[in-house]
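Colleague: Numbering (this note's numbering), first residue to last: 2 to 192. Structure incoming, see below.
If you want it as structure tokens, here you go:
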């Protein structure tokens, strides 16, 4: 009996020292990191060439649409006015601001094609992968999440996904959760 009591006391002491809390957590995780503020108001952008629409934060600057004959192209969105050459951010992203590039891959491209190009960039020393995993969106579509750093050690987060018949890369530089908002809201404009 004495050995059992000693063993139980030792177990309780070890749990206390390890900081084990056997009580249920009173505040379940919300899915949004503490430093990320949810985006409450959005505008919708409809890309006329691809027929893909997506939401983005109200008040953001959006680049002009690409030429009508563009095959592979990008739309840039930012929390600052990158189009005005007199504003901060020309030639770089101002501190505490966010820039998102929505890149429409060439028609016929696959997520694997885009992932292969990323691997080529990694092999060439142009980017370093820090994290990579699959992502499933609320519409059931699958995609790939990547976090990395470029040659200037600027970190980025990226989602590659299919929308209809088109592959889209959404890349975010800077703080916030615009990446998830934009990637998660993508749909064909007719749906």
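Don't be surprised by glycine CBs; every beta carbon is placed ideally from N, CA and C.
Go ahead and pull the three-state DSSP assignment for residue 62.
Modeller: strand
Colleague: Our contact map puts residue 42 next to residue 54 with C-beta atoms below 8 Å; I'd like the distance itself, whole angstroms only.
Modeller: Wrong, their Cβ atoms sit about 17 Å apart, outside the cutoff.
Colleague: With H, G and I counted as helix, E and B as strand and the rest as coil, what does DSSP make of residue 152?
Modeller: coil
Colleague: For residue 121, name the three-state secondary structure that DSSP assigns.
Modeller: helix
Colleague: Enumerate in chain order the residues of its own chain whose CB-to-CB distance from residue 76 is below 6 Å, with the five nearest sequence positions on each side excluded.
Modeller: 64, 103
Colleague: Using a 10 Å radius around the Cβ and a threshold of 16 neighbouring Cβ atoms, would you call residue 119 buried or exposed?
Modeller: buried
Colleague: Helix, strand or coil: which one does DSSP assign to residue 73?
Modeller: coil
Colleague: If we call anything under 7 Å between Cβ atoms a contact, is residue 99 one with residue 82?
Modeller: no
Colleague: In terms of alpha-carbon separation, which member of 137, 114, 188 lies closest to residue 165?
Modeller: 188
Colleague: Measuring CA to CA, which of 51, 163, 136 is closest to residue 66?
Modeller: 51
Colleague: What's the C-alpha gap between residue 72 and residue 88?
Modeller: 31 Å
Colleague: Mapping DSSP to helix, strand and coil, what is residue 22?
Modeller: With a pLDDT of 37 at residue 22, under the threshold of 50, the predicted position of this residue should be treated as unreliable, though the coordinate-derived value follows. Residue 22: coil per DSSP, three-state reduction.
Colleague: What do you reckon, are the CB atoms on residue 180 and residue 173 nearer than 7 Å?
Modeller: Against a cut-off of 7 Å, the Cβ pair of residue 173 and residue 180 comes out as a contact.
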